[in-house]
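**Student:**
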Amino acid sequence: MAQGTPESDRSLTLTRRQFVGAVTTTAGLATTGGSASATEDGVPVSLTVNGKHHAVVVDARTSLLDLLREDLQLTGTHKGCDQGACGACTVLLDGRRINSCLTLAVMHDGAELTTIEGLAEGGELHPLQRAFIDTDAFQCGYCTAGQIMSGVGCIREGHCGSGTEIREWMSGNICRCGAYQNIVAAVQQAAKES
Amino acid sequence: MSALSERPENPSVGVAIPHESASAHVSGLAKYTDDLAGRAQGTLHAYPVQVPHAHARITALRTEPALAVPGVVRVLTAADVPGVNDSGIHHDEPLFPDEVMFYGHAVCWVLGESLEAARLGAAAVEVDVEPLPALITVPEAIAAGSFQGGRPVMTRGDVDAGFAASAHVFEGEFEFAGQEHFYLETHAALAQVDENDQIFVQSSTQHPTETQEIVAHVLGLRSHEVTVQCLRMGGGFGGKEMQPHGFAAIAALGAVLTGRPVRVRLSRLQDMTMSGKRHGFHSRWRVGFDAEGRLQALDATLTADGGWSLDLSAPVLSRALCHIDNAYYLPHVRVQGFIARTNKTSSTAFRGFGGPQGMLVIEDILGRCAPLLGIDPITLQRRNFYADGQTTPYGQPVNQMTRLTTAWDQVISNGDISARQREIAAFNATHPHTKRALAMTPVKFGISFNLTAFNQAGALVHIYKDGSVLINHGGTEMGQGLHTKMLQVAATALGVPLSTVRLAPTRTDKVPNTSATAASVGSDINGGAVKNACDQLRQRLHEVAATRLGAHAHDVRIVDGVARALGSNQTLEWNELVKAAYWQRVQLSAAGFYRTEGLHWNAETFQGTPFKYFGHGVAAAEVEVDGFTGAYRTRRVDIVHDVGDSLSPLVDIGQIEGGFVQGAGWLTLEDLRWDAKTGRLLTQTPSTYKLPSFSEMPEVFNVSLLADVPEDGVVYGSKASGEVPLMLAFCVREALRQAAAAFGPVGTSVELASPATPEAVYWALDTARNRSDVAAYG
Amino acid sequence: MYPFTFIKAPTESAALAAGAQGGKYIAGGTTLVDLMRETVERPGKVVDITALPYREIESGPSALRVGALVRMADLAAHPVVRSRFPVISQALELSASAQLRNMATIGGNIMQRPRCLYFRDVTAACNRRAPGTGCAAIGGENRGHAVLGTSDQCVATHPSDLAVALVALDAVVLLRSRDGDRRIPVAEFIRRPGTTPDKEHDLRPGELIVGIEVPGGAHTARSGYLKVRDRQSYEFALASAAVALDIRDGVIRDARVAVGGVATVPWRLSDVERLLIGKAPGAELWAAASAHAADGAKPLHGNGFKVELAKRTVERQLASIGGAA
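From first to last, the protein sequence lines are chains A, B and C. Going by our numbering, the first residue of the first sequence is number 2, and it counts up by one from there. Going by our numbering, the first residue of the second sequence is number 8, and it counts up by one from there. Going by our numbering, the first residue of the third sequence is number 13, and it counts up by one from there.
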């Protein structure tokens, strides 16, 4: 199959895949309309998200992030880059922080996920959620869910000994608004409470 | 102090409160445009067909193969446009072009039942092209005479006389790239035809009115048939001031033609390759100093890289010219501006809007020349500050220099600058392979839209019968805390607790004809409008309260939701007051308006008073550079910033810290590069375009607001904070220059590329290290 | 991403059978999912091996054995690795981000594919991805590319930090197939492009990495990894150096030096090591030895700085590990 076309031709026909680049994965079979789309065999996946069990059938290409957002309507976890570089999609998988955009949903049958929507318990904000409000640790808020889930992971991993350590261990989360100073303060505050 | 600026008792403004959406953000409940897609039924997904040629004529477009892909519903092309095939306001940006103008230009869009179907459909579309010659770099464009827009000239005095009187004259050239916005939320729009046959578009846009205008004229409709709402943006930074309109128009066109909602969400790659960025600039300069290092003359040419279409390039260039002075008095000036037309994405607004670029030129000049003049850079900068009463080269009087000098002095004392400079000198003398340096930057930045007509805003405030208040204004929220400030303004103006007031999303059917949320004036002008609406309501409520309390309306005070008359203990609770007003048939809704007074600008002569006031800030940065690798760290930053009497301190401090980080990113890390042969954007992913991370934060970061500096003539004495702080980061660049110079003999002038990556710093320090004399410079 | 059949292998034999039939193994997925999304990788069948047991971290007297499915984060945090093989834990912790390190496995890490933007762009000429189509990097954007180990077919830098540390320590890859087990040094497992840039690894069809083995020795404890990059965190190296020194009684008994970020494979500097062994540590020695860190370098138009940077990075790290005296 042709890969790249010589640019010297006067009149070129650009066929498929001439400009593909990083393509987002498809949504699962359970589209917004509720009807299954006619793609390849769907793969059944059962997982527990925020304490609630879900059994879905998805296209194998579905990322965990798209499963959450498109199939389960949990839109609190955001898509910033879809290539593991910004951390906005961070969730807790079996208690560990990961980038949900860079893993396939079908690999996590039986897993337990916690997303931002499930962090508060019984109406009580998690100490880190509270700390984010106390220290004003966001501006546009788009990276916030990922920052908080990553912060929870960071605290669990025990890497909050100092501001320097927090900065290094949270460095997989980008904040374009530059609220880093306050995010570090929030993580420090919550780490003390843990 | 004017009525606009004076604060009442117990105001909400000035209180450090959390962002109004705080609890929604931390619990994942705050919605952004694409999060709404799941709420509509039968939504179609739109996917662009991008052409990989910097410049080409389309000779054929075959969409039938796309229609054969399962799930593809329609392909939108120029033939589908009922109105005008245009996505910009200058009529130079076809929505469906027949000439490809940059690598990755979208020529048509595919609508599919799923994103996958739309994507496969887009890949199936066949586009025949005839490649055309392309101009990629600014020097290429200059050589080819490829320009667009105007060629403003700013002059004052007589530069030739100025040079003749100069003891030292230097020349140089400086080219630097722009900056990618990288808002975490990419461009998104969701359009549908609603139950009233209204075209309703949710758009991640800083300028709902213009989005509305473009959607309307693409659809061949009148504005009143289109409503645009912006719930919030996951970052804007100027990148959503003009760029969203075309995407919204695609979604709206699709919705009208299919009868189904249409979702547009650019992937990160699409966003980076299709949307415009900060203008890079090329500059040539000649500068003259007197024997004491005072600037005498500056003759410069600034060429902005406009990309393929004009977009906001003209005002960006104007602002660049208006800020080449920064805080320094230039008695004789001649600056000529050009906008290059190149075959790249159309450069657009980005925090600072040409101001950072103009200021970068003068700071680079001072940084390069200080060692040649034998004058310490901080002394050189201070010596050249304006004195109150002088005017800028474009004729605006400067009369708040005490703000800047006070901030300068505070940074020097809070930052312990003199002692640290001595420590740094001692450190450098004993460390051959590691050097430190400390530099300062003053910032003077003009606040108002350069185009006077944009300095207007509206608001709509409703008081419901139960006493609850709903406010609407024309500004949009992109994280800069505008909505938070507006709630505080409303609560203050009405005299009620913050909890009484709620804010509704920005929509064109609430407030019409709004300006973009830009130029840092969002809170100035929308705050003025909100206050105006609230003042009208307050007036009416005072009348009602007066009769109830047996007092004169002027003697009524409403504080914390309780009305009292002066000298009386009788009280009237807010809810009672409102109810009484309703039953008296007093209007409990008001439309507010604000126009910035005192502005005028003559674009022909490049003279006037375009700015309501200047924002000021001062920063000092200390860096440490590794002589082996050029790697560096920022040890400490101290900032004192003038935001007048802050409307919302946490918000303003956030803007200062965030602006600084973004400016530092532009100058040290973010290296936007295009392939000079193909015009393709090489740094098109976050792994190749490096954004500041936690680790780039200074180890010590001290930020404080200048105290006791209320700004008369602006809402509640406040000043803008959005863009001004970005330029504070220049001190990081200058500190790196000085640290590199420290590897060489005293008096070494260092040319430092921008961004000052470790590699650039290494080359600079290596050049300094190998220098055996101090005479010549680059 | 192209459609594929997904299989979760419940046992080693099922995994090996699926691999023998052309299935592509996936564990952490951080490389594969990314490349599949860019359509650089288009496997017809993807085999999830995360149910397999390769999760041991065993430190014996003579060697450290690490299962292929051990996560980067877990290996980096292991107390024995931190104290006895700090170059490994440092190389790991300077890689990627915490989230990615929680996902990615040791086996996947050494199979990592290049960051070259032309490799990752299916419309560009790339001999590694599509043999015979040319190399767009040689005349194009090549600031991040290699100055060592290149050929006229490919100049892509090897991206793994861990692999540099492993090569410095003579680590071995443990492979298994239906035909049995095989051992091969990491330095031979990861191949230079030569005339076959598409053959990145000495991995035979149906073979699965089950683990790595790092020989112990007196040199491993006094070791470390230095990474030079534009951004202070979460970034691939411009240049890096893994150094391990056995210094006793003021004499260097053993030295291991390898550089990353500058070569098409993790680049062992045996000549530099020879100059160090038997000498007394000191600044002059570091300077003299590191002067050879880039011997044989062939810079491209955009990456000439790496020649100097490689030497200086080695010098800096020798001083750091061996003492600045």
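Virtual Cβ for every residue (Gly too), placed ideally from N, Cα, C. Please read these numbers as outputs of a predicted model, since none were measured by experiment.
1) So I454/B and V537/B are in contact, right, with Cβ under 8 Å, and what is the actual spacing, rounded?
2) Is there a Cβ from chain A that is less than 9 Å from the Cβ of D12/C?
3) Would L112/C pass as an interface residue toward chain A - the criterion being a Cβ-Cβ separation below 9 Å?
4) Touch check for the region 254–274 of chain B and the region 213–233 of chain B: three-plus C-beta pairs under 8 Å?
5) Any residues in the region 55–75 of chain C with a beta carbon nearer than 9 Å to a beta carbon of chain A? Which ones, in chain order?
6) Go to K323/C, then tell me how far its alpha helix (DSSP H) extends in each direction, as first and last residue.
7) For Y601/B, which option in N391/B, L387/B, T459/B, H175/B has the closest C-alpha, if you only look at C-alpha atoms?
8) To which residues of the same chain is T491/B closer than 6 Å at the C-beta, ignoring the five residues directly before and after it?
9) What does I99/A touch in chain C if you count any residue whose Cβ is under 7 Å from its own?
10) Could you tell me whether the Cβ of A671/B comes closer than 9 Å to any Cβ of chain D?
11) Spatial neighbours of D678/B within its chain, please: CB distance less than 8 Å, with the 5 preceding and 5 following residues excluded, ordered by chain position.
12) May I ask you to report which of helix, strand or coil DSSP gives T616/B?
13) Who are the neighbours of V44/A on chain C, taking C-beta pairs under 8 Å?
14) Residues in its own chain within less than 8 Å of Y639/B by CB, not counting five upstream and five downstream?
15) Skipping 5 residues on each side, what residues in its chain have a beta carbon closer than 6 Å to that of A132/A?
16) Just the C-alpha distance for A21/C and R127/C, rounded to the nearest angstrom, thanks.
17) If you pair each beta-carbon of the region 145–164 of chain A with each one of the region 46–62 of chain A, do three or more pairs fall below 8 Å?
18) Based on Cα-Cα distance, which residue from V233/B, L367/B, P215/B, R375/B lies nearest to F452/B?
19) Between Q74/A and chain B, is there a C-beta pair that is closer than 9 Å?
20) Per DSSP, what kind of secondary structure is Y471/B in: helix, strand or coil?
21) What residue range does the beta strand (DSSP E) around W315/B cover?
22) For a contact meaning CB atoms closer than 9 Å, what does L114/A contact in chain B?
23) Within 9 Å of any Cβ in chain C, is that where the Cβ of V107/A sits?
24) Just tell me which of P363/B, E550/B, P215/B has its CA closest to the CA of K247/B.
25) Helix, strand or coil: which one does DSSP assign to A138/A?
26) Determine the closest residue to G161/C out of V319/C, A336/C, A331/C, with distance taken between C-alpha atoms.
27) For S302/C, which three-state DSSP category applies?
28) Starting from M84/C, trace the alpha helix (DSSP H) both ways and give me its first and last residue.
29) Who are the neighbours of T78/A on chain B, taking C-beta pairs under 8 Å?
30) Expressed to the nearest angstrom, what Euclidean distance is found between the alpha-carbon atoms of Y471/B and D531/B?
31) For T51/C, is the beta carbon positioned less than 8 Å from some heavy atom of the ligand SAH?
32) Closer than 9 Å, Cβ to Cβ, to anything on chain B: give me those residues from the region 161–194 of chain A, in chain order.
33) Mind checking the region 679–696 of chain B against chain A and listing, in chain order, the residues whose C-beta falls within less than 8 Å of any C-beta there?
34) Going by DSSP, name the residue or residues bridged to T308/B.
35) Identify the residues that DSSP records as bridge partners of A256/C: which are they?
36) When the Cα atoms are used, what is the spatial distance from F181/B to M108/B?
**Tutor:** Reading off the structure:
1) One-based indexing of the second sequence puts residue 454/B at position 447. One-based indexing of the second sequence puts residue 537/B at position 530. Cβ atoms of I454/B and V537/B stay farther apart than 8 Å, at about 18 Å.
2) Within the shown structure, residues of chain C are numbered from 13 to 337, placing residue 12/C beyond reach of any answer.
3) As a working mapping, residue 112/C is identified with position 100 in the third sequence. For L112/C, the answer is yes, since a Cβ of chain A falls inside 9 Å of its Cβ.
4) yes
5) Contact residues of the region 55–75 of chain C toward chain A are V58, D60, T62 (C-beta to C-beta distance below 9 Å).
6) The count along the third sequence starts at 1 and reaches residue 323/C at position 311. Taken as a continuous stretch (DSSP letters only), the alpha helix (DSSP H) holding K323/C covers 317–334.
7) As a first step, residue 601/B must be located in the second sequence, where it is residue number 594. Its Cα nearest to that of Y601/B, the residue T459/B stands out among N391/B, L387/B, T459/B, H175/B.
8) Taking the first residue of the second sequence as 1, we reach residue 491/B at position 484. The answer, listed in chain order, is H26, E27, S655, V658.
9) Position 98 of the first sequence, counted from the start, is the residue given in the question as residue 99/A. Those within 7 Å of I99/A in chain C are Q111, N114, M115.
10) Looking for chain D here will not work: the only protein chains present are A, B and C.
11) For this step, residue 678/B is matched to residue 671 along the second sequence. Same-chain partners within the cutoff: A184, T690, Y696, K697, P762, T764.
12) Numbered from 1 along the second sequence, position 609 holds the residue referred to as residue 616/B. T616/B carries a strand assignment under DSSP once its states are collapsed to helix, strand and coil.
13) Mapped onto the first sequence, residue 44/A falls at position 43. For V44/A, the chain C residues whose C-beta falls within less than 8 Å of its own C-beta are F18, listed in chain order.
14) Here residue 639/B corresponds to residue number 632 of the second sequence, with the count starting at 1. The residues are V630, E631, V632, D633, L743, A746, P765, V768.
15) What you label residue 132/A is simply residue 131 of the first sequence in a count that begins at 1. Leaving aside the five residues that flank A132/A on each side, the residues in its chain whose CB is nearer than 6 Å to its CB run, in chain order, A187, Q190, A191.
16) If you number the third sequence from 1, residue 21/C lands on position 9. If you number the third sequence from 1, residue 127/C lands on position 115. Using only the alpha carbons, I get a separation of about 29 Å.
17) No: fewer than three Cβ pairs fall under 8 Å.
18) The residue given as residue 452/B occupies position 445 in the second sequence. When each option's Cα is compared against that of F452/B, the closest is L367/B.
19) Residue 74/A sits at position 73 when you count from the first residue of the first sequence. Taking Cβ atoms only, chain B reaches closer than 9 Å to Q74/A, which makes this a yes.
20) Locating residue 471/B in the second sequence gives position 464, counting from the first residue. Correct three-state label for Y471/B: coil.
21) By 1-based counting over the second sequence, the position of residue 315/B is 308. Taken as a continuous stretch (DSSP letters only), W315/B belongs to no beta strand (DSSP E), as it is neither H nor E.
22) Taking the first residue of the first sequence as 1, we reach residue 114/A at position 113. Simply none; closest approach about 13 Å.
23) For this step, residue 107/A is matched to residue 106 along the first sequence. Taking Cβ atoms only, chain C reaches closer than 9 Å to V107/A, which makes this a yes.
24) For the purposes of this step, residue 247/B is taken as residue 240 along the second sequence, with counting starting at 1. It is P215/B.
25) As a first step, residue 138/A must be located in the first sequence, where it is residue number 137. Looking at A138/A - three-state DSSP - the assignment turns out to be coil, as it is neither helix nor strand.
26) As a working mapping, residue 161/C is identified with position 149 in the third sequence. If we check each option's Cα against that of G161/C, V319/C comes out closest.
27) For this step, residue 302/C is matched to residue 290 along the third sequence. Helix.
28) Position 72 of the third sequence holds residue 84/C. M84/C -> alpha helix (DSSP H) spans 84–89.
29) Within the first sequence, residue 78/A is the residue found at index 77, counting from 1. Simply G35.
30) Position 464 of the second sequence, counted from the first residue, corresponds to residue 471/B. Position 524 of the second sequence, counted from the first residue, corresponds to residue 531/B. Cα to Cα, the separation comes out at about 26 Å.
31) Only the bare structure without any ligand can be found here, which leaves the ligand SAH out of the picture.
32) G164, T165, I167, R168, E169, W170, M171, S172, G173, N174, I175, C176, R177, C178, G179, A180, Y181, Q182, N183, I184, V185
33) T685, Q691, T692, P693, S694
34) On the second sequence, position 301 is the one that residue 308/B refers to. Paired residue(s): R291/B, Q343/B.
35) Taking the first residue of the third sequence as position 1, residue 256/C is located at position 244. Per DSSP, S235/C, R268/C.
36) Residue numbering aside, residue 181/B sits at position 174 when the second sequence is read from its first letter. Residue numbering aside, residue 108/B sits at position 101 when the second sequence is read from its first letter. Note on geometry: alpha-carbon atoms of F181/B and M108/B lie some 27 Å from one another.
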